[in-house]
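*Asks:*
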Amino acid sequence: MKQLLLFSIALTFYTNTYAQIGFETHIIASGTNEVNRPYSVISADIDSDGYKDVLSASTEDGKIAWYRNLDGLGTFGPQLIISENADYATSVYAADIDGDGDLDVLSASFNDDKIAWYENLDGQGTFSTEQIITSLLDSALVILAQDVDGDGDLDVIAGSNGNSEIVWFENQNGLGQFSGPIDISENNTATESILAIDFDGDNDIDLVAALDYENKIVWYENTDGLGNFGSRQVITADVSASLSIFASDLDNDGDFDLLSTSFVEDEIVWFENMDGNGNFGTKQIITSNADRPYEVYSEDLDGDGDMDVFSASLSDNKIAWYENIDGTGSFGTQQIISQEFVGAVSVFADDLDNDGDIDVLSCWFGGDTIAWHENTGLLNVDENTQLQLSIFPNPTNNIFNIKSKTNIINVHIYNQLGQLVLEENNSEGIDKIQIDDLNVGLYFVKLKDANGNYSIQKILKY
């Protein structure tokens, strides 16, 4: 009877754990002395060495900062401050503003109504002092750069939460000399997020905005490719306080669909671009289990050729992802990447360790933390092995032994959510693992030898 019960439990777990991905969390910066209430985090190659570095904007200390990827493997150096003069910094962006082949940095700061840029002077991450584009954008909140007028250089687009303007600034000489603000819309309420993307397939940059108080997402057509925008077109009035929008081809039909958070309803949702011309379908709910979602992002996490979705939610402290199951926008249940810190507000995805898969970057407002979550591989039902080894007894209730032809120096154990729950490292070799403290259930064990060869095994704790 006991054997039958264990088999039934194992069968149930196997059914529920298909296509899980493991993650290992690494802290980049933490503590109020280093990063006080971070609000936005992205990755970009700041020092031109081919490795993705990290950029952050933090509110309470007014910092725009970056962290060098020292070895291309996700080992990040100490904080390098670009500016401490962005009062309540809410947004950071990397783009080649002056056309010299390296990435400069842009910022938006809320309390001083400022949009600024910082020149990467040597391509190595040595930055100029701030160059103010405007200090009159009431409660500046979001910033990005795109070629709005089709002249081959990058212009700047910004949104304000105060007077709710959406404006752009023309890069007049391609070197970062900007015009005054050019209004796209003044008839909005509380612009929270903007996108610059070709939504209608005519090869110019259109603009999309999430309007908090109106519970609307709207878009503006670039009517001539020169930065003259039409009146706003409502995509939806069915989102309650969208704080973040993102564009991605979720159904693999060659056009950009739209993702959004719904802060009040705890939802991550998407809208299909029905014809590639900016005519959108009704709301499709991905999850209603993101408590106060702050940001949404999209990338192919599981390497199957379609775009998955990520979320950061404030009140439940979750960084999570949702698998695009069929490549047409049917999404799986929420899978938690991390709940280790307090107040998740930003999520980004990129290959931070140069191993060919997508890792996840996050910042935590309440926890004063910036972290990255290493994608340690797909934990499928089928066991994966490059090594000849066995683990026994299995099932077990307290300990398992490792028998291998090579020296095992590293063991990671993951739960069904792909979260690392136990780790052991020993250069002399590991031949047994104690698991008394683990809960009853199915676990994935990743064992690695000194040559980097690995095996993923399943073990049942009873």
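Count the sequence shown with mature numbering (1 follows the signal peptide of the UniProt record, and there is no 0) and you get residues -19 to -1, 1 to 443, in order.
Backbone N, C-alpha and C fix where the C-beta goes; we use that ideal spot for every residue, glycine too.
For clarity, every value in this text was computed on a predicted model and none was experimentally measured.
(1) Within 10 Å of its beta-carbon, does residue 287 have 16 or more other beta-carbons around it, so buried, or fewer, so exposed?
(2) DSSP state of residue 304, grouped into three classes?
(3) Look at residue 84 and residue 25 and say whether their C-beta atoms are less than 8 angstroms apart.
(4) What are the partner residues of residue 438, as DSSP defines its beta bridges?
(5) Nearest-angstrom Cα distance between residue 180 and residue 133?
(6) Give the DSSP bridge partners of residue 276, in chain order.
(7) Counting C-beta neighbours from all protein chains within 10 Å, is the total for residue 14 16 or more, i.e. buried, or is it exposed?
(8) Quick check: the Cα distance between residue -14 and residue 439, rounded to an integer number of angstroms?
(9) How is residue 240 classed by DSSP in three states: helix, strand or coil?
(10) Using alpha carbons as the reference points, say which of 220, 298, 94 and 135 lies closest to residue 157.
(11) Using alpha carbons as the reference points, say which of 81, 149, 423 and 409 lies closest to residue 209.
(12) Let me know the secondary structure DSSP gives residue 315 once reduced to three states.
(13) Work out the CA separation of residue 421 and residue 121 for me, nearest whole Å.
(14) Can you tell me whether residue 444 is buried or exposed, with buried defined as 16 or more other CB within 10 angstroms of its CB?
(15) Taking the CB atoms as reference points, tell me whether residue 250 and residue 226 lie closer together than 8 angstroms.
(16) Since residue 402 is in the beta strand (DSSP E), which residue starts that stretch and which ends it?
(17) Confirm, please, whether the CB-CB distance from residue 252 to residue 221 is below 8 angstroms.
(18) Please report the Cβ distance between residue 348 and residue 322, rounded to the nearest whole angstrom; I am assuming they are in contact, meaning their Cβ atoms lie under 8 angstroms.
(19) For residue 419, which of helix, strand or coil comes out of DSSP?
(20) Mind checking which residues open and close the beta strand (DSSP E) that includes residue 380?
(21) Less than 7 angstroms between C-beta atoms, sequence neighbours within five positions excluded: which residues of the same chain meet that for residue 388?
(22) Among 72, 28 and 52, whose alpha-carbon lies nearest the alpha-carbon of residue 44?
(23) Is it a yes or a no for the segment 122 to 131 touching the segment 177 to 191, going by three-plus beta-carbon pairs under 8 angstroms?
(24) In chain order, which continuous runs of the beta strand (DSSP E) of length 3 or greater are located wholly inside the segment 167 to 247?
(25) Here's the rule: buried if 16 or more other CB atoms are within 10 angstroms of the residue's CB, otherwise exposed. What is residue 374?
(26) Report back the beta-carbon spacing between residue 282 and residue 325 to the nearest angstrom; my notes put them in contact at under 8 angstroms.
(27) Could you tell me the distance, in whole angstroms, from the CA atom of residue 402 to the CA atom of residue 378?
(28) For residue 66, collect the residues of the same chain with a Cβ closer than 7 angstroms to its Cβ; drop the 5 residues on either side in sequence, then sort them by chain order.
(29) Determine the direct distance from the alpha carbon of residue 87 to that of residue 145, and round the result to whole angstroms.
(30) According to DSSP, simplified to helix, strand and coil, what is residue 33?
(31) Does the beta-carbon of residue 19 have 16 or more other beta-carbons within 10 angstroms, so that it is buried, or is it exposed?
(32) Let me check understanding here. Comparing Cα to Cα, which of 37, 49 and 58 lies closest to residue 69?
(33) Under 8 angstroms by Cβ, that's how I've got residue 78 and residue 98 pegged, so tell me the actual separation to the nearest angstrom.
(34) On the three-state DSSP scale, how would you describe residue 120?
(35) Hey, would you say residue 106 sits closer than 8 angstroms to residue 9, going by beta carbons?
*Replies:* Taking the definition as stated:
(1) What you label residue 287 is simply residue 306 of the sequence shown in a count that begins at 1. Buried.
(2) Working through the sequence shown from its first residue, we reach residue 304 at position 323. Coil, per DSSP.
(3) In the sequence shown, residue 84 corresponds to position 103, counting from 1. In the sequence shown, residue 25 corresponds to position 44, counting from 1. Cβ distance < 8 angstroms, so residue 84 and residue 25 count as in contact.
(4) Here residue 438 corresponds to residue number 457 of the sequence shown, with the count starting at 1. When beta bridges are read from the DSSP output, residue 438 appears opposite 426.
(5) Here residue 180 refers to the residue found at position 199 when the sequence shown is read from its first residue. Here residue 133 refers to the residue found at position 152 when the sequence shown is read from its first residue. Cα to Cα, residue 180 sits roughly 19 angstroms from residue 133.
(6) If you number the sequence shown from 1, residue 276 lands on position 295. In DSSP, residue 276 forms a bridge with 293.
(7) In the sequence shown, counting from the first residue as 1, residue 14 sits at position 33. Of the other Cβ atoms in all chains shown, fewer than 16 fall within 10 Å of the Cβ of residue 14; this residue is therefore exposed.
(8) Position 6 of the sequence shown, counted from the first residue, corresponds to residue -14. Position 458 of the sequence shown, counted from the first residue, corresponds to residue 439. In this predicted model, residue -14 has a pLDDT of only 32, less than 50, meaning its place in the structure is not dependable enough to derive any value.
(9) Working through the sequence shown from its first residue, we reach residue 240 at position 259. Looking at residue 240 - three-state DSSP - the assignment turns out to be strand.
(10) Start at 1 with the first residue of the sequence shown, and residue 157 comes out as number 176. It is 135.
(11) Residue numbering aside, residue 209 sits at position 228 when the sequence shown is read from its first letter. Among 81, 149, 423 and 409, the Cα nearest to that of residue 209 is on 149.
(12) Translated into positions along the sequence shown, residue 315 becomes position 334. Residue state, collapsed to three classes: coil.
(13) Stepping through the sequence shown from its first residue, residue 121 is reached at position 140. Stepping through the sequence shown from its first residue, residue 421 is reached at position 440. Answer to the nearest angstrom: the Cα atoms are 50 angstroms apart.
(14) Given that the chain is displayed from residue -19 to residue 443, the structure contains no residue 444 and the question cannot be resolved.
(15) Position 269 of the sequence shown, counting from 1, holds the residue named residue 250. Position 245 of the sequence shown, counting from 1, holds the residue named residue 226. No, the Cβ-Cβ distance between residue 250 and residue 226 is not below 8 angstroms.
(16) Counting from one through the sequence shown, the residue named residue 402 turns up at place 421. Residues 401 to 406.
(17) Locating residue 221 in the sequence shown gives position 240, counting from the first residue. Locating residue 252 in the sequence shown gives position 271, counting from the first residue. With a cutoff of 8 angstroms on beta-carbon distance, residue 221 and residue 252 are scored as not near each other.
(18) Indexing the sequence shown from 1 puts residue 348 at position 367. Indexing the sequence shown from 1 puts residue 322 at position 341. Going by Cβ atoms, the distance from residue 348 to residue 322 rounds to 3 angstroms, so yes, they are a contact pair.
(19) The residue given as residue 419 occupies position 438 in the sequence shown. DSSP places residue 419 in coil when its eight states are reduced to three.
(20) Walking along the sequence shown from the start, residue 380 turns up at place 399. It spans 380 to 385 - the beta strand (DSSP E) in which residue 380 sits, taken as one unbroken run.
(21) Working through the sequence shown from its first residue, we reach residue 388 at position 407. Excluding residues within five positions, the ones whose Cβ falls inside 7 angstroms are 410, 430 and 431.
(22) Residue mapping note: residue 44 aligns to position 63 of the sequence shown, counting from 1. Minimum Cα distance to residue 44 is reached at 72.
(23) Using a C-beta cut-off of 8 angstroms, the segment 122 to 131 makes contact with the segment 177 to 191, since at least three inter-stretch Cβ pairs fall below that distance.
(24) 172 to 178, 187 to 192, 197 to 201, 214 to 217, 226 to 229 and 238 to 243
(25) Here residue 374 corresponds to residue number 393 of the sequence shown, with the count starting at 1. Classification for residue 374: exposed.
(26) Looking up residue 282 in the sequence shown gives position 301. Looking up residue 325 in the sequence shown gives position 344. Not a contact, Cβ separation roughly 17 angstroms.
(27) Locating residue 402 in the sequence shown gives position 421, where the first residue counts as 1. Locating residue 378 in the sequence shown gives position 397, where the first residue counts as 1. If you take the alpha carbons of residue 402 and residue 378, they lie about 16 angstroms apart.
(28) Taking the sequence shown and counting its residues from 1, one reaches residue 66 at position 85. 43 and 111, listed in sequence order.
(29) Here residue 145 refers to the residue found at position 164 when the sequence shown is read from its first residue. Here residue 87 refers to the residue found at position 106 when the sequence shown is read from its first residue. In this structure, the alpha-carbon of residue 145 lies about 20 angstroms from that of residue 87.
(30) Numbered from 1 along the sequence shown, position 52 holds the residue referred to as residue 33. Residue 33: coil per DSSP, three-state reduction.
(31) Taking the first residue of the sequence shown as position 1, residue 19 is located at position 38. So residue 19 counts as buried.
(32) Within the sequence shown, residue 69 is the residue found at index 88, counting from 1. The shortest C-alpha separation from residue 69 is found at 37.
(33) If you number the sequence shown from 1, residue 78 lands on position 97. If you number the sequence shown from 1, residue 98 lands on position 117. About 5 angstroms; that satisfies the 8 angstroms criterion.
(34) Your numbering for residue 120 matches position 139 in the sequence shown. The answer is coil: DSSP assigns residue 120 none of H, G, I, E or B.
(35) Within the sequence shown, numbered from 1, the residue matching residue 106 stands at position 125. Within the sequence shown, numbered from 1, the residue matching residue 9 stands at position 28. Their beta carbons are not under 8 angstroms apart, which means residue 106 does not touch residue 9 by this criterion.
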